[in-house]
Amino acid sequence: MDALVDAAHDRSPKVRTAAAENPSTPPDVLARLVEDDRWQVRFAVAENPSLEACRIALSCTDPDVRGLAAQRDGVSTAQVEQILEDPVHSVRERLAEAATDEGVLRRLANDPHPLVRASVALNDAVPVDVLQALAQDGRARVRSAAAASRRLPYEALTPMANDRSVEVQWRVLVSSPERLDLAAEIAEHPDTMNADQARTQLQHPEDFVWPQVDHRGIDRGSRDH
């Protein structure tokens, strides 16, 4: 134990990092290391498998450390609540990327920051009804993420080809190249870059669609290049 305490005060960042990631390091020592001036040391605390390390990392002043801790397995219900209330949106984003609990994802889908909602849209665990709601979000960044998810029902993706945002139209094109019907619509749009891309995909669809094996083991073209 004394060796770990000494390591936490060592001049070498590598030695301090080793102490920070050691599950036997005492909590008071981890509390010091989580505020180290080297990010490698701080991150090591967040990745330390001990429960105390997770608690300490979630209280760190560095939001990147809190975000890393937010993606750990086994985060408690109380800790999830703490993350949901974190004032820095990037921390909530990290939770939105990793969460699998439906209730948590539904709450994050209503987060005030669009980047959090966009991260929810890209999470494979998000319920389809939530994804459909995000596809109609007021912010283009969120709608674009929903279009990129490849989990939207056929009929929900269709109107997005005529979205008011060229960013969303682009994401429809490159994320669902097998939808040649949508490419045909976008090819007639005034945005030059989108229209050119759509025409290229219509002329050479084989260059943009990769064979994919579905759950029955049947090859089907459905992946963008």
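The numbering of the sequence shown is the UniProt record's numbering, which starts it at 1 and goes up by one.
Yeah, the Cβ is synthetic: ideal placement off N, Cα and C, and Gly gets one too.
Out of curiosity, what's the CA-to-CA distance linking residue i and residue j?
i, j, result
"R92", "V75", "14 Å"
"V104", "Q203", "43 Å"
"L134", "V172", "14 Å"
"L33", "I56", "10 Å"
"N162", "I186", "7 Å"
"S149", "R11", "46 Å"
"R143", "L108", "15 Å"
"P205", "E178", "8 Å"
"residue 230", "R141", "With the chain covering only 1 through 225, there is no way to say anything about residue 230."
"P63", "Q197", "39 Å"
"P13", "V45", "13 Å"
"F43", "L68", "7 Å"
"I83", "M160", "32 Å"
"N22", "A70", "19 Å"
"N48", "L157", "42 Å"
"E188", "R151", "26 Å"
"E81", "R94", "14 Å"
Who are the near neighbours of residue i in its chain, counting only those whose CB is closer than 8 Å to its CB and skipping five residues on each side?
i, result
"residue 228", "Nothing can be reported for residue 228: it is not among the residues displayed for the chain, which extend from 1 to 225."
"R106", "P127, V130"
"I218", "Confidence in I218 is poor, its pLDDT being 34 and thus under 50, which makes the residue's placement too unreliable to answer from."
"D111", "H89, R92, A96, R117, V120"
Can you tell me which of the options puts its alpha carbon nearest to the alpha carbon of residue i?
i, options, result
"A183", "P190, Q169, T192", "Q169"
"L51", "E81, R72, D36, W39", "R72"
"L115", "Q136, A98, H89", "H89"
"W39", "Q79, H189, N22, R66", "R66"
"T61", "R139, E47, P87", "P87"
"S175", "R164, A145, E155", "A145"
Please state whether DSSP places residue i in a helix, a strand or coil.
i, result
"V209", "strand"
"T158", "helix"
"E85", "coil"
"G74", "coil"
"E35", "coil"
"L182", "helix"
"R11", "coil"
"D64", "helix"
"S50", "coil"
Closer than 7 Å by C-beta to residue i: which residues in its own chain qualify, once you throw out the five before and the five after it? Chain order, please.
i, result
"V166", "D191, N194"
"V5", "V29"
Flag residue i as yes if its beta-carbon sits less than 9 Å from any beta-carbon of chain D, otherwise no.
i, result
"F43", "Structure shown: chain D not included; a single protein chain is present."
Starting from the C-beta of residue i, find all residues in its chain whose C-beta is less than 6 Å away, skip the five residues before and the five after it, and write them out in chain order.
i, result
"H113", "H89"
"N123", "none"
"A53", "L30, V45"
"P27", "E52"
"A125", "T100"
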